[in-house]
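Notes to accompany the following structure.
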Amino acid sequence: MLAKGPMMSKTVTAAAVALMLLAEGAAARAETVKVFVGGAMTGPVRLIAADFTARTGNVVDVVSDTTGGLQNRLRAGEKADVLVITAPGLDTLQKESLAVAAGRVDLALGLMGVGVKAGAPSPDLSTAEGFKASLLAARTVSYVDPKAGGTSGAHFEEVMKAMGIAEQMRSKTVYRKQGSEVAAAVAKGEADLGVTFTSELAPNPGVRVAGALPGAFQMPTTYDAALSTTAKPDGAAGAFLKALQTPAAMTAIRNAGMEPLVRSR
């Protein structure tokens, strides 16, 4: 039988204090990892981050923007620990001493595609001419404004120039700052077609991915992960960089419509 009275009360109080101290100690050891992620990789990185936090207790602050936007934020002095952006974007940051080459890894390959509102007919993506005709027939077309630093938008404008329809499409353009906003424009009926990475279109339930851009106009894009020069490689940032390369992470990337790579640089 348990003893009652002052002795038991003191025992219970001591146990409560011990548990509180343990909790405070765990909280003190927990770290916050700030991750800069390009739009196309935002979905899988958020899933990987949630799992990482559940397993380690470390908080992951995911900041999503275009590759160009994230580069500019770093240049302006904003701090981040882990960078998940296009390979050329990381090349530039390494040259500017804002990203670390050691531990850098190729994570995923993304393809650009076309989204339509759920239930709407698909554009002709079977040939370059078919795609051109579909663009000209569309009332409005949304894509990421190149001025926002979007890789997909800059490429699509070059595609339209190559087709010889850039001027004709100008009045039909619905600019957005990120691929997720392009998908939202399509879902809301603000644009007939949305052109960006398929991994940014697919998560929106109001959008159907009609397919990838025709081969001649495609831009396979590799997304890499690396630590920033201000990150602590032996802390939670380094652990999260490793978490991005696990089999579970590869599944998240594949489910987002991208091809997992995991190649060390």
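With the sequence shown counted from 1, adding 11 to any position gets you our numbering. In this text, a Cβ means the ideal position worked out from N, Cα and C, and glycines have one as well. Keep in mind that this is a model prediction, so the values were computed, not measured.
- In the pairwise beta carbon analysis, the region 130-148 is classified as not touching the region 245-258: fewer than three pairs are separated by under 8 Å.
- Within the same chain, Cβ atoms closer than 8 Å to the Cβ of Val197 are found at Gly126, Val127, Lys128, Ser153, Asp203, Leu204, Gly205, Leu212, Asn215, Gly217, Val218, the five residues on either side in sequence being excluded.
- Counting only runs of 4 or more residues that sit fully inside the region 54-120, the alpha helix (DSSP H) segments are 78-86, 98-106, in chain order.
- Beta-bridge partners assigned by DSSP to Ser210: none are found.
- The region 100-110 makes contact with the region 227-240: 3 or more CB pairs, one atom from each, lie closer than 8 Å.
- Counting only runs that start and end inside the region 118-175, the alpha helix (DSSP H) elements of at least 4 residues fall at 139-148, 162-174.
- Here Leu204 is bridged, per DSSP, to Val152.
- The shortest C-alpha to C-alpha distance from Lys199 to any of Gly114, Ala131, Gly141, Gly226 is the one to Ala131.
- Here Leu118 is not near Leu85, since their CB atoms are 8 Å or more apart.
- Burial check for Pro258: the Cβ neighbour count within 10 Å stays below 16, so the residue is exposed.
- With contacts defined by Cβ atoms closer than 8 Å, Phe228 and Ala98 do not form a contacting pair.
- A residue is called buried once 16 or more other Cβ atoms fall within 10 Å of its Cβ, and Ser275, having fewer, is exposed.
- Cβ-Cβ distances below 6 Å link Ala60 to Val71, Val73 in the same chain, with the five nearest sequence neighbours on each side left out; the list follows chain order.
- In the DSSP assignment, the residues bridged to Pro271 are Ala119.
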